[in-house]
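Engineer:
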Amino acid sequence: MNINATLIGQSVAFFVFVMFCMKYVWPPVIQALQERQKKIADGLDAANRASRDLELAQEKVTQQLREAKTQAAEIVEQAKKTANQIVEESRDQARAEGDRLKAQAKAEIEQELNQVKDALRAQLGSLAVAGAEKILGASVDQNAHAELVNKLAAEL
Amino acid sequence: MAGTASEYIQHHLQNLTYGNHPVNGWSFAHTAQEAKEMGFWAFHVDTLGWSVVLGLIFIFLFRAAAKKATSGQPSGLQNFVEVMVEFVDGSVKDTFHGRNALIAPLALTIFVWVFLMNLMDLIPVDWLPLAAQAVAGNEHMFFRVVPTTDPNATLGLAFSVFALIIFYSIKVKGIGGFLGELTLHPFGSSNKLVQALLIPVNFLLEFVTLIAKPISLALRLFGNLYAGELIFILIAVVFSAGWVLGLFGVALHWAWAVFHILVIVLQAFIFMMLTIVYLSMAHEDNH
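Here the protein sequences come in this chain order: R and F. For the numbering used here, add 57 to where a residue sits in the first sequence, where the first one is 1. For the numbering used here, add 3 to where a residue sits in the second sequence, where the first one is 1.
1. On the three-pair Cβ rule with 8 Å, is the region 138–156 of chain F touching the region 214–230 of chain F?
2. For Ala214 (chain R), go through chain F and note every residue whose CB falls closer than 9 Å to its CB, in chain order.
3. Tell me which residues share the same chain as Pro189 (chain F) and place their Cβ nearer than 6 Å to its Cβ, disregarding the 5 neighbours each side in the sequence.
4. Which residues bound the beta strand (DSSP E) around Phe43 (chain F)?
5. Who are the near neighbours of Phe206 (chain F) in its chain, counting only those whose CB is closer than 8 Å to its CB and skipping five residues on each side?
6. Kindly identify the DSSP beta-bridge partner or partners of Asn23 (chain F).
7. Grab the span of the alpha helix (DSSP H) containing Ile12 (chain F) for me, first residue to last.
8. Just how far apart, CA to CA, sit Thr98 (chain F) and Leu277 (chain F)?
9. Are the beta-carbon atoms belonging to Ala68 (chain F) and Trp83 (chain R) less than 8 Å from one another?
10. Does Arg102 (chain F) come within less than 8 Å of chain R when only Cβ atoms are used?
11. Thinking C-alpha only, which one of F:Gly58, F:Thr20, F:Gly75, F:Phe251 is nearest Ile97 (chain R)?
12. Tell me the rounded alpha-carbon separation between Gln88 (chain R) and Tyr281 (chain F).
13. Decide if Ile60 (chain F) is buried, meaning its Cβ has at least 16 other Cβ atoms within 10 Å, or exposed.
14. Considering Cα atoms alone, identify which of F:Tyr21, F:Ser9, F:Pro132 is closest to Glu61 (chain R).
15. So, does the CB of Ser68 (chain R) fall closer than 8 Å to a CB anywhere in chain F?
16. CA-CA distance, Leu200 (chain F) and Gln81 (chain F)?
17. Please name the residue in F:Leu109, F:Ala244, F:Gly245, F:Met41 whose C-alpha comes closest to that of Phe74 (chain R).
18. Using the Cα positions of Gly58 (chain F) and Val204 (chain F), report the straight-line distance between them to the nearest angstrom.
19. Less than 8 Å between CB atoms is the rule here; does Val148 (chain F) satisfy it with respect to chain R?
20. Roughly how many angstroms lie between the CA atoms of Asp92 (chain F) and Ile273 (chain F), to the nearest whole one?
21. Out of F:His47, F:Ile264, F:Ser283, point me to the one whose CA is closest to Arg147 (chain F)'s CA.
22. Buried or exposed: Asn105 (chain R), going by 16 or more other Cβ atoms within 10 Å of its Cβ?
23. Ends of the alpha helix (DSSP H) at Glu184 (chain F)?
24. Is the beta carbon of Ile173 (chain F) closer than 8 Å to that of Lys216 (chain F)?
25. Is Arg178 (chain R) helix, strand or coil when you go by DSSP?
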């Protein structure tokens, strides 16, 4: 247990090891540690941000869904209204058309009736003339009595 | 085991010394007496050899991890090294508040190196010496495998730390500040004459405080490990006293080894922590 130059040798070895450790061991390890710390912090940050984004997105989705529902209801409502209106309109149109057709038919009937009446009147005129001829035994001048016959026919 | 128990113990406490013997010249000492006669210029080859080997193990282990250190997922060795580095870094940051790139690597080196040197104490006391004697073909060769049980090793470390304390004290406070710290405290006076008279008293107190730092640092480590080794040697003596006592010795050895695990880690930690504290004090300029 003598104190001797081992002391110096030990100090030199110590110095060399410390220097080596300071130059080649400590910096890379500490750097890696710090980088990892930063990475983890960034990762946590990103996760936080993502969950916040997710929340926002979910909120947005709910809102949009609600809006869409309202819109759909509105559209359905409007469609119903439009349908009713269309039905109403077509009913009115049909009624008008019917009326018109009825009126037309009536007019045609009237017209035909008139024609038939005219024809009848004419025939009746000539029949009357023929009857009168037979009764009088003489021919009645068609031209001289035409006025009379026409008047008669118009009275019928 | 050769010779009596006391010879055995003495043999185990003698370093393999290479030095300049007044009669034999540069040679290995064959006896404790010869080693003593070599004076200061002698080397404990076993102490130096083992401490350098263990230091290299530390360096290679940590360098291998440092080279491959990534900020990604660490594995195996890197995990271990990172745990050590973080532990030391935390200890340094808790205690040392200045900015100095040397302190943390210094503390790491001290902690791991001293721990590895202490760890040699857990290897049964006869294994490596017997192996070395077999290799060297000299059954009387001295061989101690625990560098920290050699006061040269612990003093070498402590004096290096002491040199750093002085260096940083002067660097931070200047020569004047350092001398002022040594001479103007703890007793001060506004009267110049009284102050001058107090200088020797202050110096005496402060110098003892200063010099106590490396001495206590070295002797604490040395004392703990030396005592631990001595008890291992004493237990080893028991092994040769018949199988009943031998079995008892095995149990004792196991119990002491378990307890000693605590001691070797604790002593490495204390050496590191005190180094940080002393260097932190050297950096503080608030007297």
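The beta-carbon is built from N, C-alpha and C at its ideal position, and this holds for glycine as well.
Structural biologist: Let's see:
1. yes
2. The first residue shown for chain R is 58 and the last is 213, placing residue 214 (chain R) beyond what the model contains.
3. none
4. It is not in any beta strand (DSSP E) - Phe43 (chain F) carries neither H nor E in the DSSP assignment.
5. Leu185, Thr186
6. Its beta-bridge partners are F:Trp29.
7. 8–15
8. 10 Å
9. no
10. no
11. F:Gly75
12. 27 Å
13. Counting Cβ neighbours within 10 Å, Ile60 (chain F) comes out exposed, since fewer than 16 surround it.
14. Note on identity: in this sequence residue 61 (chain R) is Asn, with Glu being the wrong assignment. When each option's Cα is compared against that of Asn61 (chain R), the closest is F:Tyr21.
15. yes
16. 58 Å
17. Taking only the C-alpha atoms, the option nearest Phe74 (chain R) is F:Leu109.
18. 42 Å
19. No, Val148 (chain F) lies away from the interface with chain R (no Cβ there is under 8 Å from its Cβ).
20. 15 Å
21. F:His47
22. exposed
23. Where Glu184 (chain F) is concerned, the enclosing alpha helix (DSSP H) stretches over 154–186.
24. no
25. helix
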